[in-house]
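Asks: Supplied in structure tokens, the structure appears directly below.
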Amino acid sequence: MTSYITRTLAQQIVDTVRDLCGQNVNFIDCSGIIFASTDADRIGTFHEVGQQAAASGSVIEVRENNRFTGTQQGVNLPVYHNHRLIAVIGITGNPDEVRKYAKLAERITRLLIREKELDAFNRNEAEKKSYILRGLIEQEDIHPDYLRENLAKWKLNEKSSCQLLRLRLNDTDAPSLSPSLDSAIQNLFYRLDCQLFTFVYPNEYLAVVNEEVFHHSRQILVDFAQKHIDTLCIAVGNPVLIHNLADSAFSAEIALKSLPTGTNYAEASSLDLELILASINSRNKKAFLEKTLDKLSPEDLKLLRIYFSCDMSLKKTCEETFLHKNTIQYQLNHIYKKCGYNPRKFQDAVRLYLALKM
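Just so you know, the sequence shown maps onto residues 60 to 417 in our numbering.
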């Protein structure tokens with residue numbers, strides 16, 4: 060994928076040109092893979108002539124269907140921006156009839172990219188931070204020069220490790236963020252020397268902190284989380300290079316979702332099992348949860364969480380719940396009868412523990 064045009068923008072262009080010429084239109088990356096098309100079935104497939112056009116940097120016209128892999132009759136025209144090849148536009152049809160539409164698509168592409176760049180350069184400081192931070196996390200395309208210039212201004216070295224902080228407010232129904240809390244959070248970022256940060260409506264702050272700074276200032280973050288334990292949660296992603304910030308954002312999100320009851324601060328570096336569980340697709344998760352926990356009540360789940368947090372010790376569970384040992388044993392046996400998994404047997408307990416973690 061080029062660093063100048065997103066799949067969304069490419070799809071908008073092919074749809075527009077198709078409306079004009081009535082033919083299928085493809086955007087092909089420099090390796091020959093179609094990444095946007097009016098024919099959804101072709102997205103992700105190989106286009107041999109598109110790859111040849113990219114390699115040669117010249118227009119290739121095909122007058123016979125199926126002469127090349129994944130190619131039909133039509134025109135394949137390379138698109139350049141700042142003297143750099145960014146993609147190939149392919150239009151299906153008689154070359155004599157569709158050639159003008161290929162040129163039109165190429166012109167539209169260059170104009171939209173230029174408009175996108177001008178819009179980015181004209182943003183105010185807060186908008187710049189939001190645009191760049193979200194772009195890095197969501198792996199959107201940001202002009203390399205524009206990104207480099209702003210990272211330097213915000214003291215972020217592209218070759219130094221950094222970590223993403225997720226600070227999420229607990230009350231998503233609050234009418235607005237209080238000025239005092241907003242000021243406290245801004246001051247926190249200042250103390251951590253975070254210059255790249257943004258607020259994501261309705262309830263989250265994102266900030267980038269240098270890995271070395273974080274290690275020296277971890278206690279500041281821990282203390283802040285403890286002070287606002289009823290108001291917000293904080294998670295710190297794994298260290299990465301700035302261009303891989305999406306990975307740090309993902310690990311911070313897992314850390315947030317894995318927070319034990321009664322805590323509001325987590326670091327992705329302390330995760331292990333959670334990282335494995337996060338890779339399981341939603342369909343398999345649902346099937347596993349239905350098999351293990353579906354028949355249990357909220358009270359059953361609460362007891363299991365306490366029981367596992369006490370290392371499956373009946374004595375510690377009794378102390379934590381203020382219940383008699385016989386009562387705990389009765390409730391655990393009742394859970395066994397309802398779901399078919401015995402919390403007091405290791406292998407069954409593992410299954411229930413994994414389900415709770417999900």
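Each residue gets a CB set at the ideal place from its N, CA and C atoms; glycine is no exception.
What does a CB cutoff of less than 7 angstroms around N15 pick up in its chain, not counting 5 residues either side in sequence?
Replies: Because the chain in this structure spans residues 60 to 417, residue 15 falls outside the shown range and cannot be described.
Asks: Could you check which residue in G321, T75, N303, S329 has the C-alpha nearest to that of Q198?
Replies: Q198 has its Cα closest to that of N303, out of G321, T75, N303, S329.
Asks: How many Å lie between E156 and R122 at the Cα?
Replies: Distance between the alpha carbons of E156 and R122 is about 12 angstroms.
Asks: Pull up the distance between the alpha-carbon of R66 and that of N269, whole angstroms please.
Replies: So the two alpha carbons sit approximately 31 angstroms from each other.
Asks: List the whole-angstrom C-beta distance separating L144 from A113, where the pair is believed to meet the contact cut-off of C-beta under 8 angstroms.
Replies: The pair is a contact, with the Cβ atoms about 6 angstroms apart (cut-off 8 angstroms).
Asks: Please identify the residue among I201, C221, I288, S189 whose C-alpha is closest to the C-alpha of N229.
Replies: When only C-alpha atoms are compared, the closest one is I288.
Asks: Do the stretch 378-394 and the stretch 341-350 make contact, defined as three or more Cβ pairs closer than 8 angstroms?
Replies: At 8 angstroms Cβ cutoff, the stretches do not touch.
Asks: Could you tell me the boundaries of the beta strand (DSSP E) in which F381 lies?
Replies: Taken as a continuous stretch (DSSP letters only), F381 belongs to no beta strand (DSSP E), as it is neither H nor E.
Asks: By alpha-carbon positions, which one of Y324, V267, H142, S307 ends up nearest to Q278?
Replies: Here the closest residue by C-alpha is Y324.
Asks: Which first and last residues belong to the beta strand (DSSP E) in which L223 is found?
Replies: Here the beta strand (DSSP E) through L223 covers 220-228.
Asks: Give me whichever residues DSSP pairs with A266 in a beta bridge.
Replies: Answer is L224, F256.
Asks: With V134 as the anchor, note down where its beta strand (DSSP E) starts and where it stops.
Replies: Where V134 is concerned, the enclosing beta strand (DSSP E) stretches over 133-140.
Asks: Using only alpha-carbon positions, find the residue among V73, K350, K404, N153 that is nearest to D370.
Replies: The shortest C-alpha separation from D370 is found at K404.
Asks: Can you tell me whether N83 is helix, strand or coil according to DSSP?
Replies: Coil at N83, not helix or strand.
Asks: Go through the stretch 262-335 residue by residue and report every complete run of the beta strand (DSSP E) that reaches 3 residues or more, in order.
Replies: Counting only runs of 3 or more, we get 263-269, 291-295, 324-326.
Asks: Which whole-angstrom value describes the C-beta separation of I301 and E165, a residue pair presumed to lie in contact below a C-beta threshold of 8 angstroms?
Replies: Contact flag wrong, Cβ pair sits at about 32 angstroms.
Asks: With DSSP as the reference, label T151 as helix, strand or coil.
Replies: It is a strand residue.
Asks: Expressed to the nearest angstrom, what Euclidean distance is found between the alpha-carbon atoms of S90 and L247?
Replies: About 45 angstroms.
Asks: Measure the alpha-carbon distance for W213 versus L280 and round it to whole angstroms.
Replies: Taking the straight line from one Cα to the other gives about 20 angstroms.
Asks: Under the three-state reduction of DSSP, which class applies to A69: helix, strand or coil?
Replies: DSSP places A69 in helix when its eight states are reduced to three.
Asks: State the start and end residues of the unbroken beta strand (DSSP E) segment that holds F94.
Replies: That run of the beta strand (DSSP E) goes 93-96.
Asks: Can you look up R143 in the DSSP assignment and give me helix, strand or coil?
Replies: If DSSP states are grouped into helix, strand and coil, R143 belongs with the strands.
Asks: So is Q82 buried or exposed if we call it buried at 16+ other beta carbons inside 10 Å?
Replies: It counts as buried.
Asks: Which class does D232 belong to by DSSP, given the choice of helix, strand or coil?
Replies: In this prediction, D232 has a pLDDT of 47, which is less than 50 and means its spatial position is unreliable; what the coordinates show is noted afterwards. Reduced to three states, the DSSP call for D232 is coil.
Asks: Quick one: Cα of L252 to Cα of M417, how far?
Replies: Position check: residue 252 holds Asp in this sequence, whereas Leu was assumed. Cα to Cα, D252 sits roughly 35 angstroms from M417.
Asks: Find out if the Cβ-Cβ distance for the pair V118, V134 is shorter than 8 angstroms.
Replies: Yes; because the gap between Cβ atoms is below 8 angstroms, this pair is in contact.
Asks: For H116, collect the residues of the same chain with a Cβ closer than 7 angstroms to its Cβ; drop the 5 residues on either side in sequence, then sort them by chain order.
Replies: Note that residue 116 corresponds to Gly in the displayed sequence, not to His. Result list for G116: P137, L144, in chain order.
Asks: Could you tell me if D78 is buried or exposed, where buried requires 16 or more neighbouring beta carbons within 10 angstroms of its beta carbon?
Replies: So D78 ends up on the exposed side.
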